[in-house]
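Q: Mind looking over this structure? Questions follow.
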Amino acid sequence: MLAGFVPGTAGVSLSFSSGPPFDVAGLLAALDRYPYGCLEQLVSRALPLLSVNEVAQALGKKEMVEQTRRARVDQAIAQIMDKQRYDGAFGLWSAQSERAQWLTAYALEFLTRARTLKYSVPDTAYLAGLTWLRQYATGGGNDANALASRAYAFYTLALAGVLTPGPVRYFSDAFLQNLPTPLAKGQLGAALARLGDHDRAEVAFSAALSELARNPWEGDYGSTVRDAAALVTLLTEAGLADHARLLALMDRLPVTATAVRETNTQEQARLLLAADTLMNGAAPLALTRNGQPLPKADPVRLVPGPDELAKGLTVRNVGRQPVWQAVSTYGVPTVPKPAAREGFKIKRNFFWRDGTAVNLDLVRQNDVFVVVLEGTDETKQYHEVILSQPLPAGWEIETPALGASGSGIPGWLGSLTEPAVAELRDDRYVASLVLSGQFKLAFAVRAVTPGVYELPGAVVEDMYRPHFFARQGAGRITVRPAGWVPDTPPPSAPGNPPAAPVK
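Residue numbers for the sequence shown follow this note's numbering, so the first one is 65 and each next one is one higher.
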């Protein structure tokens, strides 16, 4: 099982539960390691930490104590508050971004739940957010985006205990049938249930469950999987869940659709909350580990060490209830992932600052050159993508960035795409952009340390439909010492290596 990982980095996590066959440990680990941080991703990473049982064990980190978990939530609260705008709403990437209505409700749901658990949330900023949300819920627009966001706003206000019945009842009577997604209808039903209006809540939930299938939509970061998982929690919290309804929702959550590699951060967060909901109150499992009884719990999570794995590990269900099993492996792969793509194309070129091509085997210490990343969307759909180019160990990024908001663009580069955000990290270049056609981005790097290094491939992927992606294969590059001179003078411009592009 671990043969494909570098020794010392690999591990196995085993999960057993009476609930659904979700890979709770794998989903938590994926969120824990997710390297990017827009508002949606920050909330999705932190929200499960408020309610999922035994988070430390699920992550395979037995040393994580409650204090450490609370520290992670506190850090997430600070990062989320940094994205609050002057008017109380939240922006996708920063406080200077345009207001994100649906995500404002998402952020305030997390902050409300965190306050309930005695986490420190700044009162003034929190109340400013609720004030903006109340104004938007009652006076927002009537298009699909606005209706979905307003339904979520009503739910979050009800969760915070600051919603009055009149506006939400009017909204339900006027717009229930126009709500664009099952989740929006369920959130409206949950808001009504919290206010004691169970008749309207029942109608709203019935409408949500009548048509569970939906198309992915950027307006609410949603999908069939996300909505079904979220409705499990909403129905249960409202006291309106029954076996038939939960069975219908589980039918939309097959193992193939809930696997870590198939899900985005939004889906992963809601799947974890659904798993926690479904397992809450279940009878403890009766399991043995190599013949010895395990402490009774539900779920039960094991992280066996290499020695135990080598000897063989047997877990038996000695109780009467059925048990779901999930197995996760993790570690640093011994072989980089091969080039692959689905729906996107990506290519990469390297140029000297005068526009001539670079031969990467002839680069010397202190040389500065430009990396140009270009890509194409072949699906003709809307995509919010992350583009990442990890750096070889011998390179570092030159600042500032090239582009409309960075330093001047050399004329030979032509027109560059303006990303929503670009980060010049120590180990990689990262950009987020809306892709509906083609893109072209560039940044400068400096060769700093002589040696031979692995050059990772560039990757572009849809943040919310990860099956759309393009990934380059890995290669090798050389950084020569500063005084190194090739045996044969290069035929191109003096002082520059031969013009041989590397793609």
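A virtual CB, placed ideally from N, CA and C, is assigned to each residue, including glycine.
Can you list, in chain order, the residues of its chain whose CB lies under 7 Å from that of Gly521, leaving out five sequence neighbours each side?
A: If we look at Gly521 and ignore the five residues flanking it on each side, its Cβ neighbours are Ala403, Arg535, Gln536, Gly537 and Ala538.
Q: Under a three-way DSSP split, which group does Val494 fall into?
A: Reduced to three states, the DSSP call for Val494 is strand.
Q: Quick check on Trp281: does DSSP put it in helix, strand or coil?
A: Looking at Trp281 - three-state DSSP - the assignment turns out to be strand.
Q: Using three-state DSSP, classify Asp431 as helix, strand or coil.
A: Here Asp431 sits in coil by DSSP.
Q: Should Leu426 and Arg510 be called a contact, given that it needs their Cβ atoms to be closer than 8 Å?
A: No, the pair does not count as a contact, with Cβ atoms beyond the cut-off.
Q: Over the uninterrupted alpha helix (DSSP H) stretch that includes Glu448, give me the two end residues.
A: Not the alpha helix (DSSP H): Glu448 falls in the beta strand (DSSP E), residues His447 to Pro454.
Q: Are the CB atoms of Thr440 and Phe414 within a distance shorter than 8 Å?
A: Cβ distance not < 8 Å, so Phe414 and Thr440 don't count as in contact.
Q: When we look at the beta-carbon of Ser452 and count the other beta-carbons within 10 Å, is it buried (16 or more) or exposed?
A: Buried, because 16 or more other Cβ atoms sit within 10 Å of the Cβ of Ser452.
Q: Please look up how many angstroms separate the CB atoms of Thr220 and Glu173, rounded, as I've assumed it's under 8 Å.
A: Indeed, because the Cβ distance is near 5 Å, the residues count as touching under 8 Å.
Q: Name the DSSP beta bridge partners of Thr352, please?
A: According to DSSP, which records beta bridges pairwise, Thr352 is partnered with Pro357 and Arg380.
Q: Using the three-state DSSP reduction, which class does Ser108 fall into: helix, strand or coil?
A: Here Ser108 sits in helix by DSSP.
Q: Please identify the residue among Pro550, Tyr394 and Leu167 whose C-alpha is closest to the C-alpha of Pro71.
A: Selected option, being the one with the closest Cα: Tyr394.
Q: Using the beta-carbon count (16 or more within 10 Å), is Asn328 buried or exposed?
A: Buried, since its Cβ has 16 or more Cβ neighbours within 10 Å.
Q: In terms of residues, what are the limits of the alpha helix (DSSP H) holding Ile473?
A: Where Ile473 is concerned, there is no enclosing alpha helix (DSSP H), given that its DSSP letter is neither H nor E.
Q: Taking contact to mean at least 3 C-beta pairs separated by less than 8 Å, is the stretch 523-531 in contact with the stretch 139-152?
A: Touching, no.
Q: Are the beta-carbon atoms of Leu317 and Leu295 separated by less than 8 Å?
A: Going by C-beta atoms, Leu317 is not nearer than 8 Å to Leu295.
Q: Report, in whole angstroms, the separation of the C-beta atoms of Leu79 and Val88, which I expect to be a contact under 8 Å.
A: Here residue 79 is Ser; the residue named in the question, Leu, does not match the sequence. That belief holds up - the Cβ atoms of Ser79 and Val88 are roughly 5 Å apart, short of 8 Å.
Q: Between which two residues does the alpha helix (DSSP H) carrying Trp166 extend?
A: Looking at the DSSP string, the run of the alpha helix (DSSP H) that includes Trp166 is Gln165 to Thr180.
Q: Which partner residues does Arg489 have in the DSSP bridge list?
A: Answer is none; Arg489 lacks a bridge partner.
Q: Beta-carbon separation of Glu275 and Pro246 under 8 Å?
A: Yes. Within cutoff.
Q: Here's the rule: buried if 16 or more other CB atoms are within 10 angstroms of the residue's CB, otherwise exposed. What is Met65?
A: When all chains shown are included, Met65 counts as exposed.
Q: Can you tell which of Gly419, Ser158 and Thr322 has its C-alpha closest to the C-alpha of Ser25?
A: Because the chain here runs from 65 to 567, residue 25 falls outside it and cannot be looked at.
Q: What are the boundary residues of the alpha helix (DSSP H) that Gly250 is part of?
A: Looking at the DSSP string, the run of the alpha helix (DSSP H) that includes Gly250 is Pro246 to Arg258.
Q: Spell out a yes or no on whether the stretch 416-423 and the stretch 489-500 are touching, meaning 3 or more CB-CB pairs, one atom from each, closer than 8 Å.
A: No, the stretch 416-423 is not in contact with the stretch 489-500.
Q: Excluding the 5 residues flanking Phe235 on each side, which residues of the same chain have their C-beta closer than 6 Å to its C-beta?
A: Nothing listed; no residue qualifies.
Q: At the level of alpha carbons, what is the spacing between Gly90 and Val324?
A: Spanning the two alpha carbons is a distance of roughly 6 Å.
Q: Using CA atoms only, rank isn't needed, just tell me which of Pro368, Asp261 and Arg380 is closest to Lys360.
A: Comparing Cα positions, the closest option is Arg380.
Q: Please report how far the alpha carbon of Thr228 lies from the alpha carbon of Tyr216, in whole angstroms.
A: Approximately 15 Å between the Cα atoms of the pair.
Q: Regarding Leu424 and the ligand GTP, is the C-beta to nearest heavy atom distance less than 7 Å?
A: What this structure holds is no ligand at all, so the ligand GTP is not there to describe.
Q: For Glu406, which residues in the same chain have their Cβ closer than 7 Å to its Cβ, ignoring the five residues on either side in sequence?
A: Hits under 7 Å: His531, Phe532 and Phe533.
Q: In three-state terms, what does DSSP make of Gly436?
A: The residue you asked about is not Gly; residue 436 is Val in the sequence shown. Val436: strand per DSSP, three-state reduction.
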